[in-house]
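Residue numbers (the working numbering): 43 to 458.
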């Protein structure tokens with residue numbers, strides 16, 4: 043599906059329009075966004091030149107259209123002008139209760155309310171008859187708020203207290219799992235999300251009923267293979283000729299750098315700058331643990347930087363990155379059958395089934411690959427220090443070398 047924004051002249055000024063088209067349908071609609079002259083509009087980027095608030099809305103509309111199209115198309119919903127009008131109205135029309143609360147975001151948005159509650163009420167919140175919320179517990183709830191804020195930033199959505207849906211919560215759960223949080227941590231974060239929704243409800247704010255709905259979290263299964271890319275597979279990816287496609291070439295380079303640096307996708311996409319790479323080393327403060335790590339630059343990464351004249355590959359969203367790296371792994375013929383947990387779009391949750399390996403690749407695969415490919419080849423404390431793991435238990439958790447691969451190593455040893 044294609045989405046285009048354009049600026050067209052009317053009697054008094056210029057107005058922004060949106061066009062959505064794909065195969066047999068082509069619909070357009072004027073938006074309530076205006077400009078006094080076409081100098082205010084960047085026709086190549088399809089955005090305003092100096093209006094970040096309006097551009098943020100256009101990005102939100104584009105994201106919502108893509109998400110809604112994928113959902114509605116699979117359900118047989120008619121895609122026409124009425125469909126487009128409904129989505130535009132949803133994105134641009136603030137609810138009536140919000141209009142009266144301008145500049146009072148804490149009464150509207152989940153993150154704003156949560157930060158407000160922690161600052162105002164946490165110290166007096168009773169956790170037992172004689173105790174109030176401790177600094178440690180308060181910091182744990184603040185960490186949830188930071189995590190949820192990262193989630194909505196990557197989704198390009200600002201979630202409201204009253205409109206959060208069960209599907210949104212499952213997407214949050216899936217996002218956490220993609221980032222390798224275990225099921226207990228995911229369950230705890232969803233519990234904290236419901237905690238803040240309940241506090242908002244107690245303050246007579248309009249709050250989604252998702253706070254009362256059960257969210258199913260799948261436990262880890264020993265049968266499921268945790269996916270990583272071995273060195274031969276990374277080599278195949280590195281050697282792919284993707285010069286015909288800028289996006290694929292860019293995503294491939296990001297994937298290779300991540301596989302040989304062990305950086306989390308949040309650090310790769312937001313924290314890593316060219317200034318962090320000096321004299322053959324990457325030095326960066328990690329976003330999740332706030333620790334500094336120093337990583338030697340692998341020769342594959344050196345080659346990528348030379349190809350790009352010393353610049354890093356372009357950043358992208360986690361959603362788009364996941365889509366592209368799965369396609370890249372498919373092109374590299376990383377397609378052996380594995381038993382894995384994969385996202386079911388209809389059920390809005392993960393399920394265990396046999397899939398081709400490239401289908402189970404995600405943004406966190408690279409960090410697992412880093413640990414698994416080095417495990418047993420260099421001292422554990424070296425891997426821990428470089429990747430920023432605080433314990434050998436965490437390193438062991440990230441090592442996803444399979445039993446069959448260990449057996450193959452023993453077979454090769456006996457054959458010497």
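Think of the CB as a built atom: it goes at the ideal place given N, C-alpha and C, for glycine as much as any other residue. Computed from a prediction, not measured in an experiment: that's the story for all the values here.
The stretch 279-312 contains, as complete alpha helix (DSSP H) runs of 4+ residues, the segments 288-301 (chain order).
CA-CA distance, residue 181 to residue 189, rounds to 12 Å. The Cβ atoms of residue 58 and residue 76 lie closer than 9 Å to each other.
Two segments are said to touch when three or more pairs of C-beta atoms, one from each, lie closer than 8 Å; by this definition the stretch 327-340 does not touch the stretch 264-284. Within the stretch 61-122, the runs of alpha helix (DSSP H) that reach at least 4 residues and sit entirely inside it are, in chain order, 94-116. Residue 277 carries a helical assignment under DSSP once its states are collapsed to helix, strand and coil. In this structure, residue 322 sits near residue 338, with a CB-CB distance shorter than 9 Å.
In the DSSP assignment, residue 173 forms a beta bridge with 170. Beta bridge pairing from DSSP links residue 50 with 57.
The alpha-carbon separation between residue 289 and residue 97 amounts to approximately 22 Å.
If you compare the alpha carbons of 217, 417, 249, 378 with that of residue 363, the shortest gap goes to 217.
Proximity to residue 79 across 49, 61, 223, 399 peaks at 49, based on C-alpha coordinates. Going by C-alpha positions, residue 350 is about 42 Å away from residue 55.
A direct Cα-to-Cα measurement between residue 146 and residue 123 gives close to 34 Å. The beta-carbon distance between residue 228 and residue 219, rounded to whole angstroms, is 6 Å. This is short enough to meet the 8 Å contact definition. Secondary structure at residue 206: coil, using DSSP grouped into helix, strand and coil. Residue 323 has 320, 338 as its beta-bridge partners, per DSSP. If you look at residue 240, you'll find it in the alpha helix (DSSP H) that goes 225-244.
In this structure, 258 is the residue among 374, 258, 200 with its C-alpha nearest to the C-alpha of residue 226. DSSP places residue 272 outside both helix and strand once states are collapsed to three, so it counts as coil. The criterion of a C-beta distance shorter than 9 Å is not satisfied by residue 103 and residue 69. Contact between the stretch 367-382 and the stretch 396-411 is present: 3 or more CB-CB pairs across the two stretches fall below 8 Å. Beyond the five residues adjoining it in sequence on each side, residue 379 comes within less than 8 Å, by CB distance, of 396, 397, 398, 399 in the same chain, given in chain order. Less than 9 Å divides the Cβ of residue 342 from the Cβ of residue 298. Looking only at 239, 173, 213, 168, the smallest Cα-Cα distance to residue 156 is reached by 239. The alpha carbon of residue 196 has as its nearest neighbour, out of 311, 412, 353, the alpha carbon of 311. In the structure shown, the three-state DSSP call for residue 378 is coil. Residue state for residue 130 is assigned as helix, using DSSP reduced to three classes. Setting aside the 5 residues that flank it on each side, residue 63 is surrounded in the same chain by 44, each with a C-beta closer than 6 Å to its C-beta; the list follows chain order. With respect to the 9 Å criterion, residue 207 and residue 166 are not classified as neighbours on the basis of their beta carbons.
For residue 398, the three-state secondary structure derived from DSSP is strand.
Within the same chain, and ignoring the five residues on either side of residue 129 in sequence, the residues whose Cβ sits closer than 8 Å to its Cβ are 103, 106, 107, 110.
Annotation for residue 161: the continuous alpha helix (DSSP H) segment containing it runs 152-162.
Between residue 101 and residue 152, the CB-CB gap reaches or exceeds 9 Å.
Look at residue 420 here: in three-state DSSP terms it is strand. Taking each of 428, 295, 161, 149 in turn and checking the Cα distance to residue 345, the smallest one comes out for 295.
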